[in-house]
Amino acid sequence: MSRFITGPFRNALTLLVGLLVLWQALYWVVGDVALRSPLQTAAFMGRFMTSPQFLPHLAETGRAFGLALVLAVAIGLSIGFSLGLNRFMSDVFEPVLVAVYSIPKITLYPILLLAFGLGISAKVAFGAIHGIIPIALFTMAAVRSVRKVYLKTGRVLRLPPTEAILRIVLPAAMPEIFAGLRIGFSLTLIGTLLGEMFASQRGLGFLLMNAIGLHNVDLIMGLTVLLAGFAGVASAVLLSLNKRLQART
Amino acid sequence: MRDVPTPLVLLRGGEKVFPPPGPSGRPVHALGPLDLELRRGEFFAVVGPSGCGKSTLLELIAGLSTASRGEVAFEGRPIRGEIPDGVGVVFQEDASFPWLTVRDNIAFGLKRLPLPADEKTRRIERALAMMGLASFAASYPAQLSGGMRQRVCIARTLVTEPKLILLDEPFGALDQQTRLLMGDEVLNLWRKTGATVFLITHALDEAAMLADRIGVMSARPGRLIDVVETGWPRDRDSRIVEEEAFGAITARLWRSLRAESMKSLGHAGAAA
Ligand SMILES: Nc1ncnc2c1ncn2[C@@H]1O[C@H](COP(=O)(O)OP(=O)(O)OP(=O)(O)O)[C@@H](O)[C@H]1O
Ligand SMILES: [Mg+2]
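The listed protein sequences derive, respectively, from chains A and B. Residue numbering for the first sequence is 1 to 249, as defined by the UniProt record's numbering. Residue numbering for the second sequence is 1 to 272, as defined by the UniProt record's numbering.
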């Protein structure tokens with residue numbers, strides 16, 4: 001039995017229990033006005049998640065996030081590869097990307113709303129914008145740092161360029177690219193939710209904003225826990241995949 | 001018209017100058033001018049002080065880089081930056097792919113060859129056995145020692161059955177005993193395949209034991225200052241280190257190299 005509770009799993013469990021204890025303690029100090037206890041939140045979420053209004057909002061956010069993620073990964077990888085494979089281009093565009101990355105993305109939101117309207121596309125675009133640049137920057141650095149001797153090996157074996165990219169550059173750069181994908185994942189999620197919070201009629205972000213407006217503490221806490229839980233689990237899964245990739249090098 | 005067969009590789013006035021490393025630096029004259037001829041089927045070794053341009057020479061022959069001046073020809077055809085068919089290279093650095101198992105690393109060499117699957121399997125098994133890697137076929141390079149990873153790279157080159165095998169200090173990471181035994185394996189392979197072997201080494205005894213001819217290079221920019229014929233029979237092995245001629249060859253190599261090695265260490269005055 002205790003055999004199963006070892007290593008990273010035990011660490012995660014310890015962290016979880018620690019957070020719950022902290023939460024409960026905070027609840028005792030602050031009281032009912034601003035917080036709910038873990039148990040109350042769980043009970044509320046149990047009811048809320050089985051109510052008919054929950055699923056459509058979840059589906060909306062899931063769809064927006066999924067689309068944004070696909071876009072961010074596809075565009076980020078393409079930019080990263082084109083720049084990484086070309087020394088001159090990457091020297092020129094890296095500072096530009098870093099500069100764009102440091103702009104608070106929220107300043108772009110009005111422009112996006114004008115371009116895409118209030119529907120799902122604005123959220124998707126806003127989510128993707130958050131993810132593209134970190135994925136591109138990580139991919140570019142990863143591709144550039146692929147050891148020259150691997151590429152020479154490909155040339156001696158007379159691989160055509162596309163095959164050399166697929167069979168050598170991609171796997172060689174994968175551990176580092178994956179680190180970029182992990183960060184891109186979190187930022188795209190944040191971007192999508194922010195998009196929903198500020199201009200949308202549907203989705204978990206919209207529900208959260210609404211709950212804040214109505215001071216619905218139950219719903220605020222419930223949604224926060226739900227989103228944090230999702231991000232935490234996803235991040236843990238990606239991290240363990242990343243570790244497995246890195247273990248080989 | 002001519003009864004002399006064309007050499008497999010012919011280098012005439014080959015030189016390599018690298019562009020300056022920084023905006024204020026000077027161009028690096030790494031190699032040559034150098035004339036070299038590799039005869040079909042011979043075992044040619046190159047020794048030279050460190051940094052004299054041995055790897056640079058290998059890349060010119062492989063077609064991995066172009067000569068700044070001079071000509072390189074493979075089977076009578078000039079090569080300018082494109083890799084001729086039938087050349088295999090084992091690099092000085094570890095070039096095993098960490099994301100593939102030992103077996104998949106070796107199989108990678110066969111990716112582009114239109115061979116039936118069972119022939120590929122046969123070649124891979126034979127290379128695994130020859131390089132002593134059979135029990136590590138499913139391991140990843142990270143689980144192997146440096147010397148074993150280098151053997152993976154040799155095996156990956158062998159399966160393509162190249163006409164010309166270029167080896168850049170492949171046994172640098174091995175201990176002396178293993179080096180002698182690997183030397184026997186390379187000799188075996190050279191005899192069985194009939195390939196031409198070009199071997200860079202820093203060990204004079206290794207060159208003296210393995211090669212038909214040994215080129216001695218000067219300090220950078222590397223030129224050939226001596227070519228020593230060993231006159232060994234084709235079916236030799238590491239036991240020739242006991243022969244009298246072996247000592248004489250090693251001594252001659254060292255005589256040619258001593259002054260050059262000192263130069264490359266910066267003892268220019270002591271060279272006389
Ligand atoms: N791409 C490059 N750009 C600039 N200089 C280079 C480059 N490659 C090699 N050199 C320089 O050319 C010279 C010869 O290098 P090379 O690697 O051919 O020497 P080597 O004889 O193989 O040395 P070692 O015995 O250490 O392997 C060195 O001074 C090196 O610094
Ligand atoms: Mg070298």
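Yeah, the Cβ is synthetic: ideal placement off N, Cα and C, and Gly gets one too.
Under 9 Å from the C-beta of residue i: neighbouring residues of chain A
| i | result |
| --- | --- |
| residue 111 of chain B | 157, 159, 163, 167 |
| residue 44 of chain B | Under the 9 Å cutoff, chain A gives no residues; its nearest Cβ is about 19 Å from residue 44 of chain B. |
| residue 174 of chain B | Residues of chain A passing the Cβ test: none, with the nearest at roughly 19 Å. |
Beta carbon proximity, residue i to chain A, threshold 9 Å
| i | result |
| --- | --- |
| residue 97 of chain B | yes |
| residue 83 of chain B | yes |
| residue 108 of chain B | yes |
| residue 155 of chain B | no |
| residue 270 of chain B | Its pLDDT being 46, under 50, residue 270 of chain B is placed unreliably in this model, and the value from its coordinates should be taken loosely. Not an interface residue. |
| residue 128 of chain B | no |
| residue 62 of chain B | yes |
| residue 255 of chain B | no |
| residue 36 of chain B | no |
| residue 57 of chain B | no |
| residue 100 of chain B | yes |
| residue 160 of chain B | yes |
Supposed close pair residue i, residue j - CB separation, criterion 8 Å
| i | j | result |
| --- | --- | --- |
| residue 203 of chain A | residue 61 of chain A | 4 Å |
| residue 58 of chain B | residue 168 of chain B | 5 Å |
| residue 219 of chain A | residue 207 of chain A | 7 Å |
| residue 119 of chain A | residue 65 of chain A | Wrong, their Cβ atoms sit about 15 Å apart, outside the cutoff. |
| residue 200 of chain A | residue 231 of chain A | Their Cβ separation, rounded to whole angstroms, is 19 Å, which puts residue 200 of chain A and residue 231 of chain A out of contact at 8 Å. |
| residue 107 of chain B | residue 124 of chain B | 6 Å |
| residue 157 of chain B | residue 8 of chain B | Contact flag wrong, Cβ pair sits at about 17 Å. |
| residue 112 of chain A | residue 122 of chain A | 5 Å |
| residue 36 of chain A | residue 221 of chain A | 5 Å |
| residue 70 of chain B | residue 33 of chain B | 6 Å |
Chain B residues whose Cβ lies nearer than 8 Å to that of residue i
| i | result |
| --- | --- |
| residue 150 of chain A | 95, 97 |
Residue-level contact to chain B via CB, residue i, 9 Å cutoff
| i | result |
| --- | --- |
| residue 269 of chain A | This structure cannot speak to residue 269 of chain A, because chain A is shown only from 1 to 249. |
| residue 181 of chain A | no |
| residue 142 of chain A | no |
| residue 147 of chain A | yes |
| residue 232 of chain A | no |
| residue 153 of chain A | yes |
| residue 171 of chain A | yes |
| residue 99 of chain A | no |
| residue 174 of chain A | yes |
Short Cβ contact (9 Å threshold) for residue i with residue j
| i | j | result |
| --- | --- | --- |
| residue 344 of chain B | residue 51 of chain B | Here chain B has residues from 1 to 272 only, and residue 344 of chain B is not among them. |
| residue 162 of chain B | residue 87 of chain B | yes |
| residue 180 of chain A | residue 125 of chain A | no |
| residue 133 of chain B | residue 122 of chain B | no |
| residue 117 of chain A | residue 188 of chain A | no |
| residue 105 of chain B | residue 155 of chain B | yes |
| residue 62 of chain B | residue 11 of chain B | no |
| residue 160 of chain B | residue 110 of chain B | yes |
| residue 214 of chain B | residue 180 of chain B | no |
| residue 76 of chain A | residue 134 of chain A | yes |
| residue 203 of chain B | residue 43 of chain B | no |
| residue 129 of chain A | residue 105 of chain A | yes |
Closer than 8 Å: residue i CB and nearest ligand 1 heavy atom
| i | result |
| --- | --- |
| residue 218 of chain B | no |
| residue 33 of chain B | no |
| residue 22 of chain B | no |
| residue 51 of chain B | yes |
| residue 70 of chain B | no |
| residue 62 of chain B | no |
| residue 57 of chain B | yes |
| residue 149 of chain A | no |
| residue 18 of chain B | yes |
| residue 186 of chain B | no |
| residue 28 of chain B | yes |
| residue 215 of chain B | no |
| residue 48 of chain B | yes |
Contact test: residue i Cβ vs ligand 2 heavy atom, cutoff 8 Å
| i | result |
| --- | --- |
| residue 278 of chain B | Within the shown structure, residues of chain B are numbered from 1 to 272, placing residue 278 of chain B beyond reach of any answer. |
| residue 261 of chain B | no |
| residue 200 of chain B | yes |
| residue 54 of chain B | yes |
| residue 206 of chain B | no |
| residue 168 of chain B | yes |
Contact set between residue i and chain C, taken where Cβ atoms lie within less than 9 Å
| i | result |
| --- | --- |
| residue 28 of chain B | Among the protein chains in the structure shown, which are A and B, there is no chain C. |
Partner residues on chain A for residue i, Cβ-Cβ distance less than 8 Å
| i | result |
| --- | --- |
| residue 88 of chain B | 156 |
| residue 91 of chain B | 149, 152, 153 |
Partner residues on chain B for residue i, Cβ-Cβ distance less than 7 Å
| i | result |
| --- | --- |
| residue 45 of chain A | Those within 7 Å of residue 45 of chain A in chain B number zero; the least Cβ separation is about 42 Å. |
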